[in-house]
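Report on the following structure.
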Amino acid sequence: MNNYISIFLAVCLAVASGPVQAQAACETTDVAIKSDFESARLNGCKIAENGQIHLKITPEDSPPINPSPWYAFKVVPKSNASISVLLSYENGKHRYWPKVSTDGREWAPLPADKIEKIDPATVRLTLPEMAQPYYVAAQEMITNHVHTAWIDEMAEKSSFKKSLIGHSEQKRPIYKIESQSRNGNHSYLVIVGRQHPPEVTGALALMPFVETLMAETPLATRFRENFGIVVVPVMNPDGVALGHWRHNTRGQDLNRDWGPFKHAETQAIKNELERFQVNNSKPKDRLAMFLDFHSTGRNVLYTQSNEEETYPRDFARKWHNSTSVRFKNYKAERAERPLANYTPNQAAYNTSKNYIYRKYGVAAITYEVGDNTDRQALKEAAIIYAEEMMRLMLEELPS
4 MNNYISIFLA
14 VCLAVASGPV
24 QAQAACETTD
34 VAIKSDFESA
44 RLNGCKIAEN
54 GQIHLKITPE
64 DSPPINPSPW
74 YAFKVVPKSN
84 ASISVLLSYE
94 NGKHRYWPKV
104 STDGREWAPL
114 PADKIEKIDP
124 ATVRLTLPEM
134 AQPYYVAAQE
144 MITNHVHTAW
154 IDEMAEKSSF
164 KKSLIGHSEQ
174 KRPIYKIESQ
184 SRNGNHSYLV
194 IVGRQHPPEV
204 TGALALMPFV
214 ETLMAETPLA
224 TRFRENFGIV
234 VVPVMNPDGV
244 ALGHWRHNTR
254 GQDLNRDWGP
264 FKHAETQAIK
274 NELERFQVNN
284 SKPKDRLAMF
294 LDFHSTGRNV
304 LYTQSNEEET
314 YPRDFARKWH
324 NSTSVRFKNY
334 KAERAERPLA
344 NYTPNQAAYN
354 TSKNYIYRKY
364 GVAAITYEVG
374 DNTDRQALKE
384 AAIIYAEEMM
394 RLMLEELPS
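Below, the structure is given as C-alpha cells:
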C-alpha cells in the first residue's frame, strides 16, 4: 500500500450529502457512526454489552454476486477514547484495505497494526484518534459529484463537449464527453468506466488516461486530428451513489447486459453506439477502438486472442509489449479471452468486450487495475498506455 494516498483534482471536492440509500447508524458516549452521505454503505450498526461496535456490510442483492464488498461510513468522535469496530460481511469476505479521510479528498491507508483479521468475513479495525469527524472506506470515494466535476473541467479546458446520453434506472444522468477529429475523420475511440461501483482504481486510471489524450503534446494533437474520442466515465451512477458492490438498482451486473440491453444504463450506451454503422457505404462514424476500465486483484488487460483478427491489426499484443518495456513501478499482464470461449447462454458472453468485438471487429479491451496498486504508479502507467495506444493507432493510418 501507499504510505499516503492523495487524489489530485483541479477543484476542491468534499464528500457530498444528498439522496442516499437508507442505511445504519449508532452512537455511544464516545462516538457516533453514520452513513448519511453519497456512496456510503453500512447495513447494520449495534453496540454490544461490552461496548464493542459491530458493523455489518451486506450486498445490495442476494447471491450470486461478485465479492466486491464495498463499505463506507463516517466516524464522529465525541471524546478522546480509543475506538475499535468489528466489521463483518454477509455473503462476502474482507477484500479492501481500509482508508481514512477527513475531507473526502486526501486518503491514507489504515496502518496494518490497526487491522486484525478474525476470520475471512470479519476484521477488527482500531480507528484513528482524531478530534474532527472522518470517513472510513474500502477505497477512495470517487462519487458522482467528483466524476461530474471532472467532466465539467474537461469540457471547459479542452475540446471535449459534454452531453447527456441517458439516465439510470433511478433517473440519475449519464454523461459523455466527446472530441471530434479535426480533419473530418469519422473514426472514434470509445471509453467507458464505473460499470461496477467499487472498482475505484479503474476510475483513477481512466482520468489520467483521458487527460493524456487531450494534452497539448505533438502526439496527442496529431491523434485528435485523426480520431474522435467518446468517454462515458460513469455507466452505473445509481450503484456509485448507493454504495453497491456490483449491480444497478434492478439487480443487474451491467457488464453482462451488452447485447440484451435490457436496462436503462446499457440502453443509453446502445443508443450512443448506434451511430457507428457496420458495413454501411455511407460516410457514417466508425468505431476504431474500445476500452472499458475496471478493477480486480491485479493489473491485467483482457483482450482478444492473437488468432482473432482485429482492427488495429494485432493491437493487443503490440500494446502490451510496447507499454511493458516503459513501465518502471507497474507490472501488468495480458490475458487472452477469445470470443470462442463463450456461448450465448453464458452471462460473460454479454460483456462489453465480447459484444463490441462480436459486432464491430475492433480491438475491445478490458483495462483492469489492481485494488492495491500504488496510486502514483497506476497514474504513470495510464499515461504510458495512452501514449502507446495513440502511437499504434496512428501507425495504422494510410501514409
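Per our numbering, residue 4 is the first one in the sequence shown, and the count goes up by one each step. The beta carbon of each residue, even a glycine, is placed where N, CA and C say it ideally should be.
Let me check understanding here. Comparing Cα to Cα, which of the options lies closest to residue i?
i	options	result
Thr-299	Ala-75, Gly-205 and Leu-397	Gly-205
Gln-173	Arg-185, Thr-252 and Pro-136	Thr-252
Thr-105	Glu-277, Val-79 and Ile-154	Val-79
Leu-128	Pro-136, Gln-135 and Asp-116	Asp-116
Ser-91	Ala-124, Tyr-370 and Glu-109	Ala-124
Leu-167	Ala-208, Val-233 and Ser-184	Val-233
Glu-41	Glu-52, Tyr-138 and Leu-58	Tyr-138
Leu-58	Ser-82, Pro-341 and Glu-93	Glu-93
Arg-378	Ala-208, Tyr-345 and Asp-295	Ala-208
Arg-301	Pro-67, Tyr-333 and Trp-322	Tyr-333
His-150	Asn-239, Tyr-363, Gly-364 and Ser-327	Asn-239
Asp-256	Ser-355, Ala-367 and Ala-366	Ser-355
Tyr-363	Ala-335, Thr-215, Val-243 and Leu-192	Leu-192
Report the three-state DSSP secondary structure of residue i (helix, strand or coil).
i	result
Tyr-2	With the chain running from 4 to 402 in the structure shown, residue 2 is simply not present.
Trp-110	strand
Glu-371	strand
Arg-378	helix
His-97	coil
Ala-115	helix
Leu-128	strand
His-150	helix
Lys-362	helix
Lys-160	helix
Ile-145	coil
Gly-300	coil
Val-78	strand
Ile-272	helix
Arg-289	strand
Val-281	coil
Tyr-137	strand
Leu-400	coil
Who are the Cβ neighbours of residue i in its own chain at under 7 Å, not counting the five residues just before and after it?
i	result
Phe-330	Ala-384 and Ile-387
Val-203	Gln-142, Glu-143, Ile-145 and Ser-298
Pro-201	Ser-71, Trp-73, Ala-141, Gln-142 and Trp-248
Gly-169	Ile-177, Ala-267, Gln-270, Ala-271 and Asn-274
Ile-154	Lys-165, Tyr-178, Ile-180 and Pro-236
Met-4	Confidence at Met-4 is low in this model, with a pLDDT of 40, below 50, so its placement is unreliable and no value can be given for it.
Ala-134	Pro-80
Phe-163	Met-157, Ile-180, Glu-181, Ser-182 and Met-217
Cutting at 8 Å between CB atoms, please list the residues of its own chain near residue i, excluding the five before and the five after it.
i	result
Ile-56	Cys-29, Thr-31, Val-34, Ile-36, Cys-48, Lys-49, Ile-50, Ile-86, Ser-87, Val-88 and Leu-89
Leu-342	Gln-307, Glu-311, Asn-357, Tyr-360 and Arg-361
Lys-287	His-189, Arg-278, Phe-279 and Gln-280
Could you compute how far the alpha carbon of residue i sits from the alpha carbon of residue j?
i	j	result
Arg-320	Asn-309	7 Å
Arg-289	Lys-165	20 Å
Arg-429	Glu-399	Because the chain here runs from 4 to 402, residue 429 falls outside it and cannot be looked at.
Met-396	Ile-118	46 Å
Phe-212	Ala-223	11 Å
Ala-27	Leu-130	18 Å
Val-126	Tyr-99	11 Å
Leu-381	Lys-265	34 Å
Ser-402	Met-393	16 Å
Met-292	Gly-107	34 Å
Arg-185	Glu-156	21 Å
Gly-231	Ser-182	5 Å
Pro-347	Thr-220	43 Å
Asn-258	Lys-120	32 Å
Glu-312	Arg-340	13 Å
Ala-152	Met-210	12 Å
Lys-77	Arg-278	44 Å
Arg-337	Asn-83	49 Å
Arg-361	Glu-132	54 Å
Glu-159	Arg-225	21 Å
Thr-369	Tyr-305	5 Å
Lys-102	Arg-197	20 Å
Arg-175	His-250	15 Å
Among residues of its own chain, excluding the 5 on either side of residue i, which ones have a beta-carbon nearer than 6 Å to its beta-carbon?
i	result
Ser-161	Met-217
Arg-44	Trp-73, Tyr-74, Ala-75 and Gly-246
Gly-95	Pro-70 and Pro-72
Gly-262	Asn-353 and Tyr-358
Glu-371	His-297, Thr-299 and Val-303
Gly-254	Asp-64
Thr-61	Asn-46 and Glu-93
Ala-25	The predicted position of Ala-25 is uncertain, since its pLDDT is 49 and thus under 50; a value taken from the coordinates is nonetheless stated next. Excluding sequence neighbours, Ala-25 sits near nothing in its chain.
Does the distance between the C-beta of residue i and the nearest non-hydrogen atom of the ligand PLP fall short of 8 Å?
i	result
Ala-367	Looking for the ligand PLP in the displayed structure turns up nothing, as the structure carries no ligands at all.
**Message:** What ranges does the beta strand (DSSP E) occupy inside the stretch 315-340, keeping only unbroken runs of at least 3 residues that lie completely in it?
**Reply:** 336-339
**Prompt:** Taking the runs of the beta strand (DSSP E) that are 3 residues or longer, which of them lie wholly in the stretch 213-239?
**Reply:** 231-235
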